[in-house]
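Numbering (this note's numbering), first residue to last: 1479 to 1791.
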Amino acid sequence: MSAKNGNIKIANYTDWMSQLPSELWTIPLFKLAIPGSHDSVSYDLDASSAIIEPDNLKRFSWIYCLRRIVRTWGMTQEYNITMQLEAGVRYFDLRIARKRNDHHPTRLYFYHGLYTSTDVETVLGEIHAWTVAHPKEVIILAFSNFNGFEKNIKDKLHNHLIGFIKTMFGSKLVPPGIPTLRNCWDQGKNVIVSYDYPANYHPEMWKKITYYYANSMDRAQVKSKISEALGKEKTSNYFFVCGLNMTLPADHRILIYILRLCDSFPNVIRRGLPKLLKWLKQQSGVNIVASDLATRKDFVSTVVELNSALMKP
């Protein structure tokens, strides 16, 4: 792998952090370029579930073919969470939901248009197993967008989820601070949890990580938003995400896309991602870069290679 100011050679992206040059081990993780996935569990959307977004389609949930279309256009990842980890993804965008009228009071799922088939506890168990097998790979889990957390039960649900996270990952949780690969390794910790809900009495939880995205299907706007973010975050001492992901309209304009019966959101991404990655190679100062189809060829390697700019000539 070529580099502007150095040379980073990665034999296998499954363990790319441990293969970085030693001079990068003591740089704050806020400054490293880290590949991430957007709507990380959308590979598992359940076409038998109700439509929960966008709002203007909710009332048509009873139409099976529409649920299938929502799944086609809501699926932003092709492979499961373990395969994403194996590919080198280290940041995960986890959007949490409780199904209405679920007889299990604290069972939670992920969602993106539809609920996932697999519950949160099962996926977190898969992540935990992987982090145990790869102790030098530091991952970031960002929990947000808590759908179905009604006022009368939200505290109970948050306490349950945070408690499960703490029990599952235990001593592997990295406390808020200024982490580096070296100090994470020395302490035997490799899981950072960002939680977008006040959790001050849980010192293991990190505050929300800002996610910059264009809210558009226009690649030019995606580039503009990331450029703006890099300008804002030049002196940042905290994580931030640059989202390469394109976003479907939330209004009637969505029909322009979802009525393309021979197309899909993954296909749209495949057409646009190579051009975005070519542009990304010229950028500097990025931290987390999240993408749809994060396991696609060249995404992880392009982001990791950006770390070469941090090396001394």
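Here a beta-carbon is modelled for each residue, glycine too, at the ideal position from N, C-alpha and C.
- Inside the segment 1705-1730, DSSP marks whole beta strand (DSSP E) runs of 3 or more residues at positions 1718-1721, from first to last along the chain.
- R1573: member of the beta strand (DSSP E) spanning 1569-1575, first to last residue.
- Annotation: the continuous beta strand (DSSP E) that includes G1514 extends over 1512-1515.
- Listed in chain order, the non-local C-beta contacts of L1535 below 6 Å within the same chain comprise I1529, local neighbours out to five positions each way being set aside.
- Under DSSP, V1767 takes part in a beta bridge, and its partners are P1513, C1720.
- V1669 sits in a strand when the DSSP states are folded into three classes.
- Fewer than three Cβ pairs drawn from the segment 1733-1744 and the segment 1701-1714 lie within less than 8 Å of each other, which leaves the two stretches out of contact.
- For V1746, same chain residues with a beta-carbon under 8 Å away, outside a window of 5 residues either side, are M1695, M1724, Y1735 in chain order.
- Note that the segment 1502-1522 does not touch the segment 1692-1709; fewer than 3 beta-carbon pairs, one per stretch, sit closer than 8 Å.
- Considering only W1503, S1779, L1639, the residue with the shortest C-alpha distance to C1662 is W1503.
- Separation of N1579 and G1626 (C-alpha to C-alpha, rounded to the nearest whole angstrom) is 10 Å.
- At a cut-off of 3 residues, the continuous stretches assigned as beta strand (DSSP E) that sit fully inside the segment 1554-1637 are 1569-1575, 1587-1590, 1592-1597, 1617-1625.
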